[in-house]
Amino acid sequence: MTHDAAELPLFSDSDSALQLDRLRKKTKALKKALHAREADALDRLRTFHPRADRLDPAKVKLADAQCIIAREAGLSSWPALKAHATAMDAARSDIETGAPAPDSDRPTLHIRRGNDIEAALKRAGFAGDFLEYSDPICQGPIREGADALAHRARFIAREYPGTNEMETLAKLRTAERRLRDAASYSRIVLWFEHDPYDQLLLVRILSLFKETGADRRLVEIVSLDRFPGIEKFHGIGQLSPAALRHMYNTRQPVSDAAYSLALRTWRALLADTALPLAAIAAEETPALPFLSGAVRRYLAEFPGDRDGLSFTQRQCLDLLGGGALPWGQVFTRFMRERDPLPFHGDLMFLGMMLQLAQADDPALTFDETTRFNDDWGKAPFTLTQTGRALLEGRRDWRDCGPRERWLGGLRCFGEPDWRWRAPDGEMLAVER
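Take the sequence shown: its letters are residues 1 to 432, numbered as in full-length UniProt numbering.
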């Protein structure tokens, strides 16, 4: 175990807030506040109790307060909340007492987008190997063939400030080699959440496993879009070591239907038409339950039918409509306030802002002398008159001379010009 891993707390603050002794105290306090008709308590009653309109606050029972507390935590009932708290306590106890590693029964490879849980898995007592696979295929071109990884490395180095093409290529090749060798493990665990970055990488991994025969191994997935006590869930990286150990017990085997859906989605990403992806976005995908929503969000990154801006580009310009802001503040506000399914990292978002600033007729301006590695996130961007015209629907970004942009197998503003139409998310092929 690394020194950093050993120092990680087993519970997060949100985990500690859901311990049973604290919950019981909160429940009694809420009941008392409701009887006193305190404004905050009444608001919580109206927001979270399913029968609030039929309850007299002065007469609510302990069970009513328990229901509110449970639903505030993101669970359906008090028994469900108690079960969660008990399971979390058990996970922490297993770590503290040195119980056998959860994955000690067979050689295991844990695969995750990024390394955000690597130390936490060690702290949680896992013994298996870890593979970081971090190619953001939710942005940029996707190819197949011998030069596919080189193509991705060039894109990443060109679009993400501070990245190096050769270092990126070496990292991609190492991850690809380890993925192709994954069948040497008897169990593979995939830790992937609900957003486009994770879901499209998951599709890529499962497609590759079908090619290499790793699908014949025990392949399991831990996948979630929320966790009790976390109000704004962004991803598995928010989970504590105890939460990871608990969630490991919820893992599910990857089904044949999931592999088939992954192969279909991978082919759709490579296609020279947006229609196969649009079909997946319109379906229920129970084999990979978060996939259709992730594909819908991915399609929103195509140019919009009214202004040629992607969802992210449009929201970025709108956030700057009131005046110049450091790009780090724009990124934070976009993630917290605007994006219904956040998936951008900071470099991904900054690269998008630079695209808006580096067109023939730019939508944004910034100080070209600013070094982005110093005072990270503080470089201010300003909306131009072109940017304001785009927001008002008086210009189309295609006509502003933007840099080339790709999504999968499709070039934005190509022939045909694939456009995303809000609010239904329909994909339109516009002939020029």
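Just so you know, even glycine gets a beta-carbon here, dropped at the ideal spot from N, CA and C.
Quick one: grab the DSSP three-state call for residue i.
{"i": "V219", "result": "strand"}
{"i": "P79", "result": "helix"}
{"i": "R411", "result": "strand"}
{"i": "G304", "result": "strand"}
{"i": "R273", "result": "It should be pointed out that residue 273 corresponds to Thr in this sequence rather than to Arg. Note: T273 maps to coil in three-state DSSP."}
{"i": "T265", "result": "helix"}
{"i": "Q252", "result": "strand"}
{"i": "P326", "result": "strand"}
{"i": "P97", "result": "Per the sequence shown, residue 97 should be read as Thr rather than Pro. T97: coil per DSSP, three-state reduction."}
{"i": "T108", "result": "strand"}
{"i": "F311", "result": "helix"}
{"i": "E7", "result": "helix"}
{"i": "A287", "result": "coil"}
{"i": "H234", "result": "coil"}
{"i": "R226", "result": "coil"}
{"i": "L244", "result": "helix"}
Keeping to the same chain, check which residues put their C-beta closer than 8 Å to that of residue i; ignore five residues upstream and five downstream.
{"i": "I69", "result": "L23, K26, T27, L30, W78 and L81"}
{"i": "P380", "result": "A324, L325, P326, W327, F366 and D367"}
{"i": "Q358", "result": "R403"}
{"i": "D40", "result": "A33"}
{"i": "G401", "result": "A359, D360 and D361"}
Bridge partners of residue i, per DSSP?
{"i": "V430", "result": "D417"}
{"i": "W406", "result": "R411"}
Leaving out five residues before and five after residue i in sequence, what residues of the same chain have Cβ atoms less than 7 Å from its Cβ?
{"i": "D225", "result": "E193, H194, F233 and F290"}
{"i": "A258", "result": "L206, A287 and L288"}
{"i": "A183", "result": "T212, G213, A214 and R217"}
{"i": "W266", "result": "V203, R204 and S207"}
{"i": "A73", "result": "L18, L81, P228 and G229"}
{"i": "L8", "result": "A119, A120, R123 and P241"}
{"i": "A127", "result": "A101, D103 and S104"}
{"i": "L62", "result": "T27 and K31"}
{"i": "D339", "result": "none"}
{"i": "R143", "result": "H151"}
{"i": "L407", "result": "E301 and F302"}
Since I believe residue j is in contact with residue i (beta carbons under 8 Å), could you give me their beta-carbon distance rounded to a whole number of angstroms?
{"i": "W420", "j": "L299", "result": "6 Å"}
{"i": "residue 436", "j": "L390", "result": "Because the chain here runs from 1 to 432, residue 436 falls outside it and cannot be looked at."}
{"i": "E220", "j": "R180", "result": "Contact doesn't hold; Cβ gap of about 19 Å is too wide."}
{"i": "R336", "j": "L319", "result": "At roughly 11 Å, the Cβ-Cβ gap does not stay under 8 Å, so R336 and L319 are not in contact."}
{"i": "L356", "j": "Q313", "result": "6 Å"}
{"i": "I156", "j": "T168", "result": "5 Å"}
{"i": "G114", "j": "G237", "result": "7 Å"}
{"i": "Y160", "j": "L347", "result": "4 Å"}
{"i": "Y383", "j": "L309", "result": "According to the sequence shown, residue 383 is Leu rather than Tyr. Not quite, the Cβ-Cβ distance comes to about 13 Å (not below 8 Å), so this is no contact."}
{"i": "L131", "j": "R178", "result": "5 Å"}
With 9 Å as the threshold, decide whether the Cβ of residue i is near any Cβ in chain D.
{"i": "R154", "result": "Reference to chain D is not applicable here, since this structure consists of a single protein chain."}
Once the 5 residues before and after residue i are set aside, which same chain residues still bring their CB inside 6 Å of it?
{"i": "A242", "result": "L10, F11, M88, A91 and R92"}
{"i": "P303", "result": "C412 and R419"}
{"i": "D4", "result": "A119"}
{"i": "R187", "result": "R106, T108 and L218"}
Ordered list of beta strand (DSSP E) runs contained in the region 331-383, each at least 3 residues: Runs of the beta strand (DSSP E) inside the region 331-383: 364-366 and 380-383.
What are the start and end residues of each continuous alpha helix (DSSP H) run of 4 or more residues lying completely inside the UniProt domain "DUF1835" (110-220), in chain order? Counting only runs of 4 or more, we get 118-123, 148-159, 165-180 and 196-212.
Entirely within the region 9-95 and at least 4 residues each: give me those alpha helix (DSSP H) ranges in chain order. Assignment of alpha helix (DSSP H) within the region 9-95, counting only whole runs of 4 or more residues, yields 13-17, 20-35, 39-48 and 62-72 in chain order.
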